[in-house]
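Let me begin by presenting the structure, written as structure tokens, before commenting on it.
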Amino acid sequence: MTDVIIVESPAKAKTINKYLGNQFTVLASFGHVRDLPPKDGSVRPEENFAMDWQADERGTKQIKAIAQALKGAKNLYLATDPDREGEAISWHVRAMLEEKKLLKNINVERITFNEITKQAVQHAIKNPRQLDQPLIEAYLARRALDYLVGFTLSPVLWRKLPGSRSAGRVQSVALRLICEREAEIEIFQSKEYWTIGGTFLTPSNETFQAKLTHFNGKKLEQFDLNNETLAKEACSAVQQEQFSVHTVERKKTKRNPAPPFTTSTLQQESSKKLHMSAQNTMRTAQQLYEGIELDGETIGLITYMRTDGVQIANEAIHAIRDYINGHFGKAYLPNTARKYTSKAKNAQEAHEAIRPTNIDYTPDQVARYLSPDQKRLYELIWKRAVASQMQSAELDQVAVTLATLNKDHLFRATGSMVTFDGFLKLYTDTFEEHDKESSKQERFSMLPLMKENDPVKTQKILPEQHFTQPPPRYSEASLVKKMEELGIGRPSTYASILGVLRDRDYVTLENRYFVPQDRGRLVTAFLTSFFKRYVDVDFTANLEERLDDISDSKTNWKTVLQDFWNDFSKAVEQTKDLKISDVIDALDEDLGAHFFTPTKDGSDPRSCPACDDGKLHLKLGRYGAFIGCSNYPECQYTRKLTVDGGNNEEDDTLKDGVRILGNDPQTNEPVTIKRGPWGLYIQLGEADPEDKKKKPKRATIPPGMDGNTITFEQALGLLSLPRKLGEYPETGEKIEAGLGRFGPYIKMGSIFASLNKDENVLTVDLPRALEVIEKKMASIRNLGPHPKDNEPIFIRKGRFGFYIQHKKTVAPLPKGNDGNELTIEQAVALLEEKGKAPKAQKKRSTTKKASAKKTTTKKSDQKK
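Numbering (full-length UniProt numbering), first residue to last: 1 to 864.
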């Protein structure tokens, strides 16, 4: 008799199972076992926000497996993740089991652990609790809100703005941030300004640089020298003067280490330092959390990775301090442990920061067990956690002012030097992009020794031209940081929000920065014109605060929903009489400057090139927006909002539709990029005009990879697909990564499992492959070996229902039969009676039809 523990993922289940042995049965729920059906009426505001729940095939299967394991058990431990979403998954599991009356005489307990280690899991089992109802209600409120916004607002978009995909409560606000930043960049007008720099020589013949700060007794503002003439005049004036040291300011400063990672700061730092996307960062962190096999033992290497808390457990602090003392010495250990508190808006510090579960597992020790991404991310987490408890860095800062005799002209030189590296010995934070170089120079350059009244010799005075720069586009890191500062979204949602914006083609990532596409700008313009309140940052942040109040038992969740719905439903109701012409006028006014940019010759950018007096305007068609002439239908000139195919300048390098990348090192055949009717593709070699059956090898360019900038190495990698990743640990079967018509996939034998569209098939590793294979295998049942050849018989689900498969032979099951009660004998009988090997599709013969058509035509002609 064993007790049952439910976790979220099979990897987690496998790790915990090894810790607990035969006393427990550990099963995975594979995330949520049920959800709101994607149809109208799943949330009903008129019935006090009653909600319908529906389990999919996978959820139903997992509940059946749990029910089977509960036979004879006394305790059911719900051990899903220690956050709001994890609490909700446990609630769903319990609710489905209660509905089926499967919990009679079974004690249901909730347990959580912040790290997957044997000690943490055993401690959790000894200290169970009941499900947290306020956390569950906070989940219900968020889920209902997201459903109501999505299923109420999206249909309005589809009707009033053809071509748009969807709208979301937080997703649309994030999109607005990106679009508004792009609009700022487009209207930005660069301004010229000049600075004057000087190179000087000390009495001891050492050179240093300084910058002119005061000219003719006046402090220089940024645009005081706004052209070359003024700059040169200033240079000439100060060049004639004799300078000496006016003041020398010295001070010692300290630079403190940053706190350990939260979800947000991990995504930001991973993006800046490792160039990993938010989704890849969270996926890799999940793998480190769920467990890595080290010398035959599965160990969770990091604590739970969805958190906005920066504090860590006292035992972990003591362990880190012991490590610092032992490996760096007492000089690097502060007298007292550092305590951190979060500054993020609406931070819910229910969990620890992200840290190593055991500080003695150093990056070097575990590197050989990890994939490249796992190794880089673990090293980042480990170093940040250790550095957070190290001594501050100490710097000597010096500022020297040079002056003329009458003090009319002043130069200033600054410098600093690290006198004690402290935490910098282990970990250096990334600098902000805009002050990266200046920060480095100021922090790590020291001025020569000088004292007041020392004369200095002027070597050269040079003007330098500058132009003001527009605000930078958002990167994943800076957008996550902005959302956190504003209090919109939550740590667990950032990666999925950014993924949705890309999947909807509302934005693209170019050189790691978000660029809004016209589809995204149209959606934002529509929402800000007709639903401004619901894409307002302050409104969304205030709503987040109210949702957090639910989890703190400060407010009733249905009151929050009712207050939102009262105003939101009225706003939607007002759009029923909204005419398409009103939408066009609003979008045309809002986005006119974007689509009709000023021309170089000063002519009207809206003038129609096809007629004399027509004006171009934004128009909406069945398939989305386009530019059309006001004289329609007399003038039928139209053009797309943007030109398909990405970077047109790069595309010009395609000579006669072909670009040569190089020669394959094995065959010496050319590797080329070619343009076909459906876009760019890769080809190895050329077709043989004498042998039409022999065709050159070709490879599709996957979504997310720009065919105009693809490298030779990437092209070879795509041509070599599928590539072997390794073998399945339990059976030794080969696991491969490939690219099919529906995107990247993983293959093991007859099992195919899809990867996410944004995943790179050339870099995906074995741990990720095992993850998707195991998830896919959970939806395939192995009935057992066929008595004739011992090859497995599988039960699968296809487009038209469940079927049995034995090698290449398939037999459909009757409608409504999912095969749960099917025996081996019955399966063999069905295969023999109804089974048939799939046949190659015969080519249609068009000759007879064509002949018949010609004959008919001739007869009709004769009648005429």
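Positions of the beta carbon are idealized from the N, C-alpha and C atoms, including for glycine. None of these values were measured; they are calculated from a predicted model.
{"Item": "How big is the Cα-Cα spacing for Asp146 and Ser154?", "Value": "11 angstroms"}
{"Item": "What is the DSSP secondary structure of Cys611, counted as helix, strand or coil?", "Value": "coil"}
{"Item": "Tell me, please, which residues DSSP counts as bridged to Val671.", "Value": "Gly662 and Leu684"}
{"Item": "Tell me which same chain residues have a C-beta within less than 6 angstroms of the C-beta of Pro10, skipping the five on either side of it?", "Value": "Ala28 and Glu774"}
{"Item": "Pick from Thr117, Asn48, Ala353 and Arg781: whose alpha carbon is nearest that of Glu293?", "Value": "Thr117"}
{"Item": "Could you tell me if Ile793 is buried or exposed, where buried requires 16 or more neighbouring beta carbons within 10 angstroms of its beta carbon?", "Value": "buried"}
{"Item": "Within the stretch 436–517, note down every full beta strand (DSSP E) run reaching 3 residues or more, in order along the chain.", "Value": "455–467, 507–510 and 513–516"}
{"Item": "Would DSSP call Arg94 helix, strand or coil?", "Value": "helix"}
{"Item": "Where does Val179 fall in DSSP's three states?", "Value": "Note on residue identity: the sequence assigns Cys, not Val, to residue 179. Helix at Cys179."}
{"Item": "Please report how far the alpha carbon of Glu228 lies from the alpha carbon of His246, in whole angstroms.", "Value": "29 angstroms"}
{"Item": "Would Ala385 pass as a contact of Pro472 if the rule is Cβ separation under 8 angstroms?", "Value": "no"}
{"Item": "To the nearest angstrom, how far is it from the Cα of Glu736 to the Cα of Ile497?", "Value": "30 angstroms"}
{"Item": "List the endpoints of the continuous beta strand (DSSP E) containing Val136.", "Value": "Reading the sequence as shown, one finds Ile at residue 136 and not Val. From DSSP, Ile136 is part of no beta strand (DSSP E) but of the alpha helix (DSSP H) over Gln133 to Lys160."}
{"Item": "In the DSSP assignment, find the alpha helix (DSSP H) that holds Gly784 and state where it starts and stops.", "Value": "That residue, Gly784, is in no alpha helix (DSSP H); its beta strand (DSSP E) goes Arg781 to Pro785."}
{"Item": "In the DSSP assignment, what are the bridge partners of Pro356?", "Value": "Ile302"}
{"Item": "Name the two residues that bound the continuous beta strand (DSSP E) containing Pro767.", "Value": "Pro767 -> not in any beta strand (DSSP E); alpha helix (DSSP H) instead, spanning Leu766 to Met777."}
{"Item": "Is the beta carbon of Phe800 less than 8 angstroms from the beta carbon of Leu813?", "Value": "no"}
{"Item": "Identify which residue in Asn663, Lys694, Lys218 and Phe742 has its Cα closest to the Cα of Ile682.", "Value": "Asn663"}
{"Item": "Can you confirm whether the stretch 530–543 touches the stretch 569–586 when touching is taken to mean that 3 or more C-beta pairs between the two stretches lie within less than 8 angstroms?", "Value": "yes"}
{"Item": "Please list, in chain order, all residues of the same chain as Ile627 whose beta carbon is under 6 angstroms from its beta carbon, the five residues on each side excluded.", "Value": "Leu616 and Arg639"}
{"Item": "If we ignore side chains and look at the alpha-carbon of each, how far apart do Ala278 and Lys457 end up?", "Value": "53 angstroms"}
{"Item": "Can you tell me whether Asp612 is buried or exposed? The criterion is at least 16 other CB atoms within 10 Å of its CB, across all chains shown.", "Value": "exposed"}
{"Item": "Enumerate in chain order the residues of its own chain whose CB-to-CB distance from Glu634 is below 8 angstroms, with the five nearest sequence positions on each side excluded.", "Value": "Cys611"}
{"Item": "Output yes or no for whether 8 angstroms exceeds the beta carbon distance between Leu301 and Pro356.", "Value": "yes"}
{"Item": "Can you pull the DSSP bridge partners for Glu394?", "Value": "Lys254 and Phe420"}
{"Item": "Out of curiosity, what's the CA-to-CA distance linking Lys693 and Gly291?", "Value": "50 angstroms"}
{"Item": "For Lys848 and Leu684, what's the separation of their Cα atoms in angstroms?", "Value": "Only weak support exists for where Lys848 lies, its pLDDT of 42 falling under 50; the coordinates are left without a value."}
{"Item": "Relative to the ligand PLP, is the shortest distance from any of its heavy atoms to the C-beta of Asp588 smaller than 7 angstroms?", "Value": "The ligand PLP is absent from the structure shown, which contains no ligand whatsoever."}
{"Item": "Starting from Ser164, trace the beta strand (DSSP E) in both directions and tell me its first and last residue.", "Value": "Neither: Ser164 is in no beta strand (DSSP E) and is coded neither H nor E."}
{"Item": "Who are the Cβ neighbours of Glu315 in its own chain at under 6 angstroms, not counting the five residues just before and after it?", "Value": "none"}
{"Item": "At the level of alpha carbons, what is the spacing between Trp557 and Arg44?", "Value": "15 angstroms"}
{"Item": "Which value, in whole angstroms, describes the spacing of the CA atoms of Ala811 and Glu669?", "Value": "45 angstroms"}
{"Item": "Taking DSSP as the reference, what is the three-state secondary structure of Pro744?", "Value": "strand"}
{"Item": "Looking only at C-alpha atoms, which of Asn216, Glu727, Ile780 and Lys757 sits nearest to Asn406?", "Value": "Asn216"}
{"Item": "Just the C-alpha distance for Ala95 and Lys101, rounded to the nearest angstrom, thanks.", "Value": "10 angstroms"}
{"Item": "Indicate the three-state DSSP secondary structure (helix, strand or coil) for Gln268 in the structure shown.", "Value": "helix"}
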